[in-house]
Structure formats: C-alpha cells, structure tokens
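Working notes, beginning with the structure itself.
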Amino acid sequence: MKSKQDKIGVIDYGGQYAHLIANVVRSIGVYSDILQPHQLRDISQYRGIILSGSPALSSGDELSVNPLIFKLNIPVLGFCFGHQEIAKFHGGKVEHKGQEFGRSLLKLVKKSPIFLNLPDEQVVWMSHGDAVTDPGDMEEIAVSLDPDNNTQKYSAISDEKLRHYGFQFHPEVDDTEYGREMIENYVIGICGCRKSWNSDYMVEDIENSIKTEVKTNQVVMLVSGGVDSTVAAVLLHRALPASQLHFIHVDTGLMRHKESEQVTELFESEGMLPSLVVVDASEQFLRELQGVYDPEQKRNIIGKNFIDLVNDEVAKFDLSTALLAQGTIYPDRIETGETEHAHRIKTHHNRIPQIEAMIRQGLVIEPLKDLYKFEVRKVGQTLGIPQTMLQRHPFPGPGLGIRCICSQPDNLDYKQITVLRAKLKDNCGKYYSEVLPVKSVGVKADQRSYEYPGLLWKENYCGEEIDDIAAKIFRNVDNINRIIWLGGNHANPPVSIQPVLADINAARLEKLRAADNLAQQLLVEQNLYDEIWQMPVISLPLKINQVYEDFIILRPVISKRGMTARPYYLPPLYLKTLSDRFKQVGVNWWGVDVSTKPPATIEWE
15 MKSKQDKIGV IDYGGQYAHL IANVVRSIGV YSDILQPHQL RDISQYRGII
65 LSGSPALSSG DELSVNPLIF KLNIPVLGFC FGHQEIAKFH GGKVEHKGQE
115 FGRSLLKLVK KSPIFLNLPD EQVVWMSHGD AVTDPGDMEE IAVSLDPDNN
165 TQKYSAISDE KLRHYGFQFH PEVDDTEYGR EMIENYVIGI CGCRKSWNSD
215 YMVEDIENSI KTEVKTNQVV MLVSGGVDST VAAVLLHRAL PASQLHFIHV
265 DTGLMRHKES EQVTELFESE GMLPSLVVVD ASEQFLRELQ GVYDPEQKRN
315 IIGKNFIDLV NDEVAKFDLS TALLAQGTIY PDRIETGETE HAHRIKTHHN
365 RIPQIEAMIR QGLVIEPLKD LYKFEVRKVG QTLGIPQTML QRHPFPGPGL
415 GIRCICSQPD NLDYKQITVL RAKLKDNCGK YYSEVLPVKS VGVKADQRSY
465 EYPGLLWKEN YCGEEIDDIA AKIFRNVDNI NRIIWLGGNH ANPPVSIQPV
515 LADINAARLE KLRAADNLAQ QLLVEQNLYD EIWQMPVISL PLKINQVYED
565 FIILRPVISK RGMTARPYYL PPLYLKTLSD RFKQVGVNWW GVDVSTKPPA
615 TIEWE
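Position in the sequence shown counted from 1, then plus 14, gives you our numbering.
Below, the structure is given as structure tokens:
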C-alpha cells in the first residue's frame, strides 16, 4: 500500500522535531518517511523532500548535506539548519548571529505559493544560533521581527524555478500560527501529492505488529498508571492471550497521591487484574537514591532498579525468555538522542544502558514508540479507555524522583552566578531578579543545556509582560534557561537565597507529594485542568533568608505533542487560593515557571 502512495521524505539531521515534521505531513493525509542522511539511494521515489533542523552548526562555507538532494527534479524545503544549507548550496552565507528562541512576527515581503492564502503577518517559532546573512541566488520572501522589533532578514527564501524553499523558523511546531498550512501548501500545492494516507487503522496496525513481534513469547510490562503505559497495556491485552501477559506495578515511593490504588482499580475495570502484580519497593528505591545528586545518575538508578525488579519477578514465574514491554513514546526516544545525529537532551529511564542492550537483542517491545502523546490518547479512545484516565496530565516514569531536585553547592560556579546576576538585572526592567543556585536541563538549538533559572518578582504580576521579559532574557543572557515568577502573598522578595546540600529523602518527597496533590486538585476544582497540557510540581532545596525551605515550583504549560511548549498563566484566584492551601502543608515559598520550550524542557531534570 505504501509503495503506491505519494510520499514525502523527511531527512533527519538530528533536530528535535524531525519526527514531528513527518507527523504533520501524515496528518495532512500524505504518507511520510523519516530518512537518515546516508539513506538517499532511493530518494527519487519521493514527491518532495524536507530537511530537518540539527544540533550541528551550519556557519561556514562547507556544505554539510549531500548536494545530490538539490540536483534532483523534486521540490526541497528546509527548516532552520536545512534552510541554512539550502542557502549555502545557492551560493549564500551563514553566520553565527546569536541565539533566538521563542515567538517572532513573520512579515511576508514577496508572493510565493508556499504562503498561498496566508496573512501577511503571522507568529512563528524560532530556535537557532546560526542565520543566513546572504541568500545567494535565492530570493527573500519573508523577514521576521524579534520581540524588540529588530528586523531579521532572510527568514524565508525561495527559488521558485527549482522549487527550493527555506524557513529559518519551525513551521512544524504548534506555536507557529500557520505552520501546518505552510506545510500543506508545500506538500499538496508544490509537490502535487494526493491526500491518500489514512491513519484510521492505527490500532489494527499496532495490534498486528504486536502479534508479529511477540509470537508465542511471554511478555512482562511495568505499568505506572500513566496514559502511555495504560494504553500500551490495553493494546497488549487485546492482541495477546492473558496467559502470555504479566503486568507489574512497582510502588517506588516516588508516585503521585494514591497512584497505586488507582492502577489497581483501572486494571480491575478492564478485566486485567489477574495479570497484575503489585510490588512495594519504596524503601529499596529511597535507599538506592540516598546520597545521589546528579540527574542522569538518578534516572539510571531508577531505571536499573526497575529492571532488577522485573528480573526478580521473571525468576518467580520462570519467564527468563520473556520480552519486556514498555510504554515508550517518540519524544522519549528523540530526547535520548536515539536517531543518528540527535543530541542527547536527557536519558529517559526506559533508555538506560541495560534496556538499550535488551533492545539490541530483540527483547523489548514498544507498541507506542512512533507516536506522540495526542496520538496515544486517540488510540486510547478507540480502545474505550475512560476519558478520565486518558486526559490525565503526563507523568514521568521516574516519578517524583526527577521532580525532587538535588543540590551540591560545591559543584556550582559562584563567579558565573555573580556575572549572570548582573546580566539578569540589566534585562528585567523594574522586576526584582535573582539567579537561583541550582541547575536544570534545557534545550537550545537542538542541544542540551544545563543552566541556571532566573527568579523574577513584582507586586503587580502581568503574564504578557513577563512573557516579553523572559524572551528578552533568553536572547541576551547565556546560561539562563528558565524564568520563575515568585508566587505567594509576600510583601517583599527574599533577602538572600543560598544553595544547600540535599538529596532525595522521605520528608522531602512527602511535602512534594502533598503540594502536587493540592495544586492538581485545585486545577480540577476551578475547571482549569483540561486547559493545561501538564503542570509538573518541582521541589528545590534552598536556604531562603537563612532558613531551609523546599521551594515549590509549578510548571503549567500549553502543548500538543510535548516537543514545544508555552507557559500557561494561572489566574489570580487560583494563585491566591493555592497560596493559602500551601501554608497548610508547610510550603512558605513557591513560584511559577513561565519559560517556553525551548529553551527550557518541560521537566526540570
């Protein structure tokens, strides 16, 4: 069937959004493949090519992509890195111009079929460090304005005769206002593809794939209670006899409020309870995490302990040849740097070395590995899983273990913090500002960053104003990848904020669990829960005004696929009510993360 389809080839140079490009093309109704740069032998079978972004730099004269791509008589469209490489092929120049992240205003300056029926001004999403400074023999068809109203030239370029197009921005992400329409203009209007690809049979295809991969083997799966593992488990239950399935729920002590009880209730309602084993390993996980501060080490320890527990259960049932099933979705794989040129943003617990070794041996099955969260929910709807379960906010496999931030003051660069403090102050207007003495993971120009958060405060809080200031800070201040607004009813900001030595312990987890439950329940009470993609609640160990505090951070975001995100600005009533409730569980200082992704990831670790 696929061979008869009109197809678009997406060449993956390691950018975070390559799979998202293919996903958007498929959602338009045209089949798309993701190709690695060395897989170009049959490239002429495609009606058009799209070049992804990349963590690699394009500045310099040397062409980084295979020039064969541009010499075929088929259209080529490039985003970010791909845009820059197209310009270089046409004799243009690319220079390192400084980083730009977040929203910009695109202004069309010349008519082009790729912008057919689109407004002359529209919001687009930028994430780059290099920029085209000379388009060669290509024409400029759009410029962009950054938040300071500075004009950025050559944001879109074209050679209409050869049907070569380049965008400095990312039309594939939801934050680009008319990005889908641009891609559809290219795929349908310029490449001439027919809308002949239909994904209605996704569930059937996945179930057939499960049967083909598993055959008569036994399957062991860890289920957390989250959307991904639940949907994967129900797919396995539909595709395979119950006698082949062994579901394990591990209470790690890192779970949400009453998580294990809810898992048991769901499996009972789905008729899957006989295949479920619940293991209380909370003491083991806390013991293993004692004295551990590094985020990657925490993830690896949590992942390794999961595997050790699976092996123990396998031994009990004589399932030594069983396959391990996981609820891995595509963002887990791309952020781990699994594709050929992708930069590792963070290691997901289901991509630790032991599991990667099992994957190479063919011992792992991942039914959802090519899907995004919104697609997983669509599959869940087809399967009849209750909406209350499907609409739960995403929750990481390692649980509160990666939301309870650890700190080693001796590892901080205090000279750098002093410099950043001054730069932050220069860029935040009348706001109080401070650099928090902890680090969190982020992503800049498709590469991992491990940098400091900035804290802002002013009596009269304005979301749009903070949005503009945050964008300015991310543009002008290196080594800051998050902005936090100080919440609560404080008459004054902190006098001093100092780091403290802290690992994960039961007391910190209990306070974080209580704070998370209060924050999530209030979202439900005020009918805000469904407006938000997710709201991680984070605990930072700090000494504030000479007193130890677990500084609680809310991270409410709007997203569709989790690959990019915008902050959700919580209403004043929510903030006031939550401040009062937080005091009941001993939370005196808290804030709201108002960062976009990029440069901040949704989770802090």
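Using N, Cα and C, we set each Cβ at its ideal position, and we do this for glycine too.
- Taking G206 as reference, the option from T335, V606, V44 with the minimal CA-CA separation is V44.
- Residue burial annotation: G413 is buried, with at least 16 other C-beta atoms found within 10 angstroms of its C-beta.
- Annotation for S573: W547, A579 place their beta carbon closer than 6 Å to its own, counting only its chain and skipping 5 residues before and after.
- Non-local beta-carbon contacts of K383 in its own chain, meaning distances under 6 Å to residues more than five positions away in sequence, involve T342 in chain order.
- Between I155 and V123 a beta carbon distance of about 6 Å is seen, short of the 8 Å cut, so the two are scored as contacting.
- Membership of R496 in the beta strand (DSSP E) is indicated by the continuous run 494-500.
- In the three-state reduction of the DSSP assignment, F129 falls in the helix class, which pools H, G and I.
- If only complete runs of 3 or more residues are kept, the stretch 99-148 shows the beta strand (DSSP E) at 107-122, 135-148, in order along the chain.
- Remark: C-beta atoms of R522 and P550 do not approach each other more closely than 9 Å.
- When the five nearest sequence neighbours on each side are left out, the beta carbons in the same chain lying within less than 7 Å of the beta carbon of Y60 are those of K21, I22, G23, I88, in order along the chain.
- Cα atoms of K439 and Q375: separation of roughly 53 Å, rounded to the nearest angstrom.
- Between Q19 and the set D26, A32, H33, R40, the nearest pair of CA atoms involves R40.
- With fewer than 16 other Cβ atoms inside 10 Å of its own Cβ, Y428 counts as exposed.
- In terms of CA proximity to D219, P381 leads the group N503, R117, P381.
- CA-to-CA, the gap between L470 and N495 works out to about 14 Å.
- For the options M269, V561, T190, D173, the alpha carbon positioned closest to that of S158 is the one of T190.
- Closest option to K229, judged by alpha-carbon separation, among L249, G240, A253: A253.
- Residue burial is scored here from C-beta neighbours: E617 has at least 16 other C-beta atoms within 10 angstroms and is therefore classed as buried.
- Taking 9 Å as the cut-off, the beta carbon of G477 is found no closer than this to the beta carbon of S593.
- Rounded to the nearest whole angstrom, the C-alpha separation of E282 and I379 is 24 Å.
- Cα atoms of I369 and F103: separation of roughly 41 Å, rounded to the nearest angstrom.
- Judged by pairs of C-beta atoms under 8 Å, the stretch 553-564 does not touch the stretch 285-299, as fewer than three such pairs exist.
- Distance from the CA of D482 to the CA of P585, rounded to the nearest whole angstrom, comes to 18 Å.
- Apart from sequence neighbours up to five positions away, the residues of its chain that approach Q540 with a beta-carbon distance below 6 Å are Y588, ordered along the chain.
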